[in-house]
Amino acid sequence: MGLIVQKFGGSSVANAERINHVADIIADTYKAGNNVIVVLSAQGDTTDDLIEKANRINPNASRREMDMLLSSGEQISIALCAMALEKRGLPVVSLLAWQIGLQTNNTHMDARIRKIAKERLQTELDKNNIIIVAGFQGVNAFGDVTTLGRGGSDTSAVALAAAFHANLCQIYTDVDGVYTADPRVVPNAKKLSEITYADMLELASQGAQVLHNRSVELAKKYHVNMEVVSSLKPVPGTKVKEVVKVEKTNIGGVAKMDNIVRFSLVGLADRPGVAFKVFSLLSRNNVNVDIILQSVGRDGSKDISFTCTMSGVEKARAVLEENRDAMGYDSIEIDYDVAKISLVGAGMMTHAGVAADMFEALYDGGINIQMIATSEIRISVLVKKDDANRAIKVVHDKFFGAES
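Offset between the sequence shown (1-based) and our numbering: plus 656.
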């Protein structure tokens, strides 16, 4: 008998028919002789609907009260799924995060898991109960409900798999695995039978929506045996692991992120410490920046550009404007018409010419590059938002072959 953790996303439990289908998958796993811990997201668009309701009441609601509201969606999902399993005559219990002692830090709406008190879960496993856990949520040291950020149910599942040394952690989604690009944008995207933690982490961080990036970090750190599979059709998925068996290509995939903006600080003094002053200020105010570009100084001044996610725009703007005199810039320019295209692959370290090939593909496609950032396993470029889908297609075709 093994322990299997299964996570089902919002689309997988969107309605009664889907919940019953999920219950059948769980039942089959349990009847095969496994202990089962299930992690569920809120149904369908529930979280978005709750955010919309909050905005009607108070667009500036505190993050604590937003967590109280947003955490309610998962309670509905786990109770309904437990009812479906009860109907099948199976022993089951649904539990909220506070009931299993899933403790987080105090950062509302983007909390980090600190530890899981295993006693309640172990008691239910010893009773051979199927356990249905509310994903996405935790509780902080003050007893307040917290949430882990959008997609955080993946992280809940991996954390539970790590804590209990599960034999397998299955992430069930509405796609049947990890692809070399979003198949909704790139029809000839190829499904991967396996992918390294490193490549998956980069793809998730750069906009691929299959897995929450922090879930991949945890899986890599604790060597969780992880698999992305479809909840809609019984086909092989994608295994996420440390080392893949055969290196078919040096590229893992291409990802797009279009919920970003570009800030430009114009007319900064061209002297040591200016960049430190800008980015330490943003860091202290929890604004995460990504691509950074500094111009060559001329006539005693220079410009600095950087990108951040849409959620950080207003805070970044406010912080920079409040400290304009201290930093001494002339003006701020904010460009919302940008998107980031990232090419990811651990094999880049040992293959020359990858960047040149990517830039050639964009040139052939008539797409202008605004900014560039690189790491050992990633090349990211900033392009106009209207060019993003075309950019991801031409880059994908360059490395994986054009659509036949």
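Just so you know, even glycine gets a beta-carbon here, dropped at the ideal spot from N, CA and C.
Small disclaimer: the values here were computed from a predicted structure and weren't measured.
- When the alpha-carbon of Cys964 is set against those of Val952, Ile660, Ser939, Arg954, the nearest one is in Ser939.
- The region 1028–1037 and the region 879–897 do not touch, with fewer than 3 CB-CB distances between them shorter than 8 angstroms.
- DSSP places Tyr992 outside any beta strand (DSSP E), giving it a letter other than H or E.
- Shortest Cα-Cα distance from His764 to any of Leu804, Asn1045, Asp955, Arg744 involves Leu804.
- About 6 angstroms separates the beta carbons of Asp800 and Arg720, which is inside the 8 angstroms limit, making them a contact pair.
- Look at the beta carbons and you see the region 730–745 touching the region 671–682: at least three pairs across the two are nearer than 8 angstroms.
- A direct Cα-to-Cα measurement between Met1004 and Gly666 gives close to 35 angstroms.
- The beta carbon of Ala817 lies closer than 7 angstroms to those of Val661, Cys825, Val880 in the same chain, with the five residues before and after it left out.
- Taking the Cβ atoms as the reference, Thr836 lies roughly 19 angstroms from Val899, outside the contact range of under 8 angstroms.
- Boundaries of the beta strand (DSSP E) around Glu883: 882–886.
- An exposed status is given to Tyr878, since fewer than 16 other beta-carbon atoms sit within 10 Å of its beta-carbon.
- Note on geometry: alpha-carbon atoms of Asn785 and Asn1024 lie some 57 angstroms from one another.
- Note on the region 662–695: whole alpha helix (DSSP H) runs with a minimum of 4 residues are 672–687, in chain order.
- Leaving aside the five residues that flank Ala982 on each side, the residues in its chain whose CB is nearer than 8 angstroms to its CB run, in chain order, Lys933.
- Arg927 has its alpha-carbon roughly 24 angstroms from the corresponding atom of Asn941.
- Comparing C-alpha distances from Asn1045 to each of Tyr1019, Thr1030, Lys996 shows the shortest one belongs to Lys996.
- Contact between Glu730 and Ala698 holds, since their C-beta atoms are separated by about 5 angstroms, short of 8 angstroms.
- In the structure shown, Ile907 adopts coil according to DSSP, grouped into three states.
- Three or more Cβ pairs drawn from the region 837–856 and the region 908–923 lie within less than 8 angstroms of each other, which places the two stretches in contact.
- Nearest to Gln1026 by alpha-carbon distance, out of Val814, Val831, Val943, Arg918, is Arg918.
- Boundaries of the beta strand (DSSP E) around Glu850: 850–852.
- Leu949 places its beta carbon 8 angstroms or farther from that of Ser957.
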